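One structure is given here, and the rest of the page talks about it.
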Amino acid sequence: MNLTVNGVSRSIESEPLTTLLDVLREELGIVSPKAGCEQGGCGSCTVLVDSEPRRSCLLAVAMVDGAEVTTVEGLGTPERLAPVQQAFTHHYAAQCGFCTSGMLIAAHAYVEGGGSGDHESIQEALAGHVCRCTGYVKIIDAVAATARGDEFDLSVTAASARMTNLGGVQ
Amino acid sequence: MTQATEVLVPGSADEAVKLFGDGNDVTVIGGGTIVVPELANGRRSAGKALLLTRAGLAGVSRNGSRVTIGAATPVQELVGLEAPVGPCAANVADVEVRSQGTVGGNLCAAVDEVPRGDLQSALLAVGATVRSAGAGGIAEQALEDFLPERDGRLILDVSYDEPEAGSFVALERPHAHVYTALGVSAARAGDGTIRVAATGLAAHGVRLPSAEAAADDPGKAGADAVDDVSPTDDALASAWYRSKTLPVLVRRALTELKEQA
């Protein structure tokens with residue numbers, strides 16, 4: 006079996022019914038998809054399969070043989086963050102960070118799919134993602150900002166002693 | 006353990022039927038949303054795994070008012086259909102999971118602590134027929150006859166005539182990943198026949214004949230519907246709660262149907 010993961014072609018040795026999540030984390034060492042509930046209920050393992058957000062814990066790797074898989078590692082780089090990553094940083098949309106990979110993938114797919122940025126459609130797109138820190142307000146703010154095309158100077162965001170959530174940068 | 010004795014990936018519907026055979030020791034994997042985690046956490050062993058991903062069984066087609074839905078069609082693809090099917094599909098899981106889970110899997114989902122298969126009420130209400138393969142070859146039967154004896158069958162497609170009017174009502178889910186505790190669908194066919202069906206009351210979706218008989222009087226239909234079922238307690242709701250809310254949902258569904266006269 007073969008997968009193209011973040012633009013790189015990989016041949017897969019795992020058993021065909023191994024979950025895509027286990028293949029990514031255990032065989033390929035790509036650990037942004039998180040093993041949360043491992044039954045489709047939390048969203049933290051979400052990756053893009055041929056540009057569509059999918060639960061990697063609900064897919065046997067044989068079902069996606071030949072597919073293009075994108076994880077957070079493939080969205081941007083530390084020097085050049087993807088727009089959703091910039092917005093999440095600026096809006097302080099991560100607390101413990103466990104749900105963030107899945108949120109970023111869903112948010113990226115939502116924006117790429119032409120999401121309008123209104124509250125209701127963002128909620129619909131992220132409905133399968135659970136944040137147990139309950140940081141939903143800032144996550145939705147960040148997704149709306151990305152959909153609007155907001156731009157951020159993250160050097161200022163990072164330099165702010167109080168961060169944006171406390172009013173340091175407007 | 007996720008190993009199987011054999012993993013079969015048919016490239017056509019005919020090949021899928023042949024490889025499924027009489028279904029003995031075959032685990033069918035459509036979208037994988039139910040079966041894959043059960044395999045991964047060891048709650049199920051696969052035997053022979055039949056993957057429908059490339060079997061060409063996905064897609065919705067129309068011939069006049071006849072709608073035919075392939076077994077491997079993602080539930081999300083039904084969201085745009087007329088009530089009750091469209092709104093019922095929109096109430097299944099969240100948009101990402103229902104884009105992966107299939108109609109065939111939804112109709113075959115067994116009870117797992119709670120009744121699953123939230124689409125069944127809508128497809129029962131529109132009088133859907135199921136074409137399935139298995140021992141004795143390909144058979145076509147009404148969905149209500151198929152559901153009690155679905156073990157050992159491979160669904161190929163489901164079809165129905167678009168109803169003249171339809172409605173779907175359900176108890177709200179606390180989160181997108183929870184199965185519906187109680188859902189009621191009603192539909193009026195072109196010949197005036199009214200069908201009412203529910204999920205959350207038994208191992209699979211059921212018609213509510215007493216409610217259908219009193220369909221002209223939604224309040225009475227709701228009260229009578231309780232006679233058709235014997236709900237049980239589970240993690241989602243108690244039998245008492247279901248028996249108290251069923252009349253309300255039936256009344257609302259039929260009232261909504263009447264308003265579409």
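Protein chains in written order, with the working numbering: chain A, 6 to 175; chain B, 6 to 266.
Glycine included, every Cβ here is placed at the ideal spot set by N, Cα and C.
From a predicted model like this one, the values you see are computed outputs, not experimental measurements.
Close-in-space but distant-in-sequence residues of the same chain around residue i (CB under 8 Å, 5 per side omitted)
| i | result |
| --- | --- |
| residue 136 of chain B | 143, 144, 145, 160, 161, 162, 163, 164 |
| residue 103 of chain A | 39, 41, 49, 137 |
| residue 261 of chain B | 172, 174, 191 |
7 Å Cβ shell around residue i - same chain, five flanking residues per side excluded
| i | result |
| --- | --- |
| residue 32 of chain A | 17, 18, 19 |
| residue 119 of chain B | 184, 239, 240, 241 |
| residue 178 of chain B | 185 |
| residue 169 of chain B | 193, 194, 195 |
| residue 90 of chain A | 80, 81, 109 |
| residue 64 of chain B | 75, 78 |
| residue 248 of chain B | 231, 236 |
Same chain, Cβ closer than 6 Å to residue i, five either side skipped, listed in chain order
| i | result |
| --- | --- |
| residue 56 of chain A | none |
| residue 56 of chain B | 14, 34 |
| residue 145 of chain A | 127 |
| residue 113 of chain B | 155 |
| residue 157 of chain B | 28, 139 |
| residue 202 of chain B | 126, 129, 130, 190, 210, 212 |
Bridge partner(s) assigned by DSSP for residue i
| i | result |
| --- | --- |
| residue 31 of chain B | B/53 |
| residue 12 of chain B | B/54 |
| residue 103 of chain A | None; residue 103 of chain A has no bridge partner. |
| residue 33 of chain A | According to DSSP, which records beta bridges pairwise, residue 33 of chain A is partnered with nothing at all. |
| residue 155 of chain A | According to DSSP, residue 155 of chain A bridges with nothing at all. |
| residue 171 of chain B | B/192 |
| residue 165 of chain B | B/72 |
| residue 51 of chain A | A/60 |
| residue 199 of chain B | B/193 |
| residue 79 of chain B | B/107 |
| residue 139 of chain B | B/158 |
| residue 66 of chain B | B/73 |
| residue 117 of chain B | B/119 |
| residue 15 of chain A | A/8 |
| residue 134 of chain B | B/147, B/164 |
| residue 73 of chain A | A/9 |
| residue 65 of chain A | A/24 |
| residue 212 of chain B | B/202 |
Through-space distance from residue j to residue i, alpha-carbon basis
| i | j | result |
| --- | --- | --- |
| residue 149 of chain A | residue 107 of chain A | 17 Å |
| residue 220 of chain B | residue 131 of chain B | 15 Å |
| residue 41 of chain A | residue 225 of chain B | 47 Å |
| residue 153 of chain A | residue 46 of chain A | 29 Å |
| residue 148 of chain B | residue 25 of chain A | 34 Å |
| residue 239 of chain B | residue 80 of chain B | 25 Å |
| residue 252 of chain B | residue 14 of chain B | 46 Å |
| residue 30 of chain A | residue 60 of chain A | 14 Å |
| residue 174 of chain B | residue 88 of chain B | 10 Å |
| residue 23 of chain A | residue 45 of chain B | 7 Å |
| residue 123 of chain B | residue 171 of chain B | 16 Å |
| residue 77 of chain B | residue 157 of chain A | 43 Å |
| residue 169 of chain A | residue 98 of chain A | With a pLDDT of 47 at residue 169 of chain A, under the threshold of 50, the predicted position of this residue should be treated as unreliable, and no value is reported. |
| residue 82 of chain B | residue 119 of chain A | 18 Å |
| residue 155 of chain B | residue 140 of chain A | 43 Å |
| residue 218 of chain B | residue 12 of chain A | 60 Å |
| residue 116 of chain B | residue 208 of chain B | 6 Å |
| residue 94 of chain B | residue 159 of chain A | 42 Å |
| residue 216 of chain B | residue 151 of chain B | 22 Å |
| residue 42 of chain B | residue 198 of chain B | 41 Å |
| residue 77 of chain A | residue 15 of chain A | 17 Å |
| residue 32 of chain B | residue 9 of chain A | 28 Å |
| residue 244 of chain B | residue 206 of chain B | 8 Å |
| residue 100 of chain A | residue 58 of chain B | 37 Å |
| residue 20 of chain B | residue 12 of chain B | 14 Å |
Chain-ordered neighbours of residue i on chain A, where CB pairs are closer than 7 Å
| i | result |
| --- | --- |
| residue 42 of chain B | 43, 44, 45, 62, 63 |
| residue 160 of chain B | What residue 160 of chain B touches in chain A: nothing, since even the nearest Cβ is about 18 Å away. |
| residue 278 of chain B | The first residue shown for chain B is 6 and the last is 266, placing residue 278 of chain B beyond what the model contains. |
8 Å Cβ cut-off: residues of chain A touching residue i
| i | result |
| --- | --- |
| residue 56 of chain B | 65, 67, 68 |
| residue 37 of chain B | 63, 64, 65, 68 |
| residue 46 of chain B | 43, 44 |
Where residue i meets chain B, residues with beta-carbon distance less than 7 Å
| i | result |
| --- | --- |
| residue 58 of chain A | 101 |
| residue 130 of chain A | 100 |
| residue 139 of chain A | Those within 7 Å of residue 139 of chain A in chain B number zero; the least Cβ separation is about 13 Å. |
| residue 21 of chain A | 12 |
Per-residue contacts from residue i into chain A (C-beta, under 9 Å)
| i | result |
| --- | --- |
| residue 96 of chain B | What residue 96 of chain B touches in chain A: nothing, since even the nearest Cβ is about 11 Å away. |
Neighbour list for residue i in chain B, Cβ cutoff strictly below 9 Å
| i | result |
| --- | --- |
| residue 51 of chain A | 101 |
Contacts of residue i in chain B (Cβ-Cβ under 8 Å)
| i | result |
| --- | --- |
| residue 133 of chain A | 98, 99, 100, 101, 102, 181, 182 |
Original post:
Is the stretch 123–134 of chain A touching the stretch 97–117 of chain B, taking contact as three or more C-beta pairs under 8 Å?
Top reply: yes
Subject >> the stretch 58–78 of chain A touching the stretch 29–37 of chain B, judged by at least three CB pairs closer than 8 Å >> reply: Touching, per the Cβ criterion.
Original post:
Do the stretch 92–111 of chain A and the stretch 45–64 of chain B make contact, defined as three or more Cβ pairs closer than 8 Å?
Top reply: no
Original post:
Is the stretch 66–86 of chain A touching the stretch 63–73 of chain B, taking contact as three or more C-beta pairs under 8 Å?
Top reply: no
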